[in-house]
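Positions 1 to 199 (the UniProt record's numbering) are the ones given, in order, by the sequence shown.
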Amino acid sequence: MADDMALARVLAEAFLHYPSMDYSFEGESEESQLAKLVIVYKGLVEATRLYGEIVTSPDRTGALLWLPGKVFPLGLLREMRTSLVSLPFRIGFRPTWRLTSHEDASVDYIVEHGGPHIGVIWNVGVAPAGQRRGNCRFMIETAINQMRAAGLTEVWLSTDTETNLIIYTKLGFQVMTDRMISCSGLRNWVLSKSTASST
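Next up, the structure:
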């Protein structure tokens with residue numbers, strides 16, 4: 001099992017210069033963005049170990065974090081058991097506000113439209129060294145199998161890039177909403193599929 005810091009580094013490398021990250025860390029150097037992303041993802045990994053499941057790619061260049069709907073979103077009390085609660089002091093108040101404000105639109109949509117037994121792919125990323133090797137497909141299929149075994153009937157995720165949109169639709173996901181997020185000005189898609197359907 002990869003340790004939390006190794007997983008955080010993988011996800012930080014995967015999401016470096018992702019649209020919402022460039023928005024959140026606007027004006028910061030690449031080195032600064034990467035260092036702060038490691039802090040963010042360390043907290044997300046900690047939370048997922050407590051409340052969800054972690055899937056890694058066979059070559060350890062990818063990681064997927066998913067949560068059951070009953071703990072999504074986490075809420076302050078659960079976040080207080082992780083380093084997420086200290087993010088404003090560690091990465092800055094402005095980046096924290098931008099990160100959460102952009103994400104809130106997708107979270108709210110999933111909470112409103114998801115069924116009673118959902119799993120949410122909170123984050124899935126593959127570092128550049130492991131891209132184009134089927135790692136994303138492997139991790140998503142593994143996560144869906146875990147969700148199905150846990151009695152969850154729907155899987156939800158969101159993305160800010162058309163590249164990811166293509167990958168997810170090829171895996172059988174359907175676009176539930178396609179809109180511009182007002183705070184960031186970024187286009188965002190929320191997708192869903194049944195855990196019973198094959199990819």
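Glycine included, every Cβ here is placed at the ideal spot set by N, Cα and C.
Asked, Found
"Completely contained beta strand (DSSP E) runs for the stretch 78–133, where each covers 3 or more residues", "118–126"
"Neighbourhood of K42 by C-beta, 7 Å cutoff - its chain only, sequence neighbours within 5 removed", "D4, M5, A8, S83"
"A63 beta carbon less than 8 Å from that of G125", "yes"
"Residues near T142 in its chain [Cβ-Cβ closer than 8 Å; skip 5 each side]", "V55, L64"
"CB contact flag (S106, S184, <8 Å)", "no"
"Inter-residue spacing [alpha-carbon to alpha-carbon] between V155 and S86", "29 Å"
"Reduced DSSP secondary structure (H/G/I, E/B, other) of P58", "coil"
"As assigned by DSSP and simplified to three states, the class of P68", "strand"
"Cα-Cα separation, H17 to L186", "13 Å"
"Span separating the alpha-carbon of K70 from that of R49", "15 Å"
"Beta-carbon gap between N145 and T61 smaller than 8 Å", "no"
"CB contact flag (D108, S20, <8 Å)", "no"
"Cβ-Cβ separation, R148 to T96 (assumed contact under 8 Å), whole Å", "Incorrect: roughly 34 Å between the Cβ atoms, too far for contact."
"Straight-line gap, T153 to E31 (C-alpha atoms, nearest Å)", "40 Å"
"Residues near Q174 by beta carbon distance below 7 Å, same chain, minus five either side", "L191, S192, K193"
"Delimiting residues of the beta strand (DSSP E) encompassing T159", "154–159"
"Inter-residue Cα distance where the pair is A47 and A2", "15 Å"
"Per DSSP, cross-strand counterpart(s) of D178", "W189"
"Helix, strand or coil at S194 [DSSP, three-state]", "strand"
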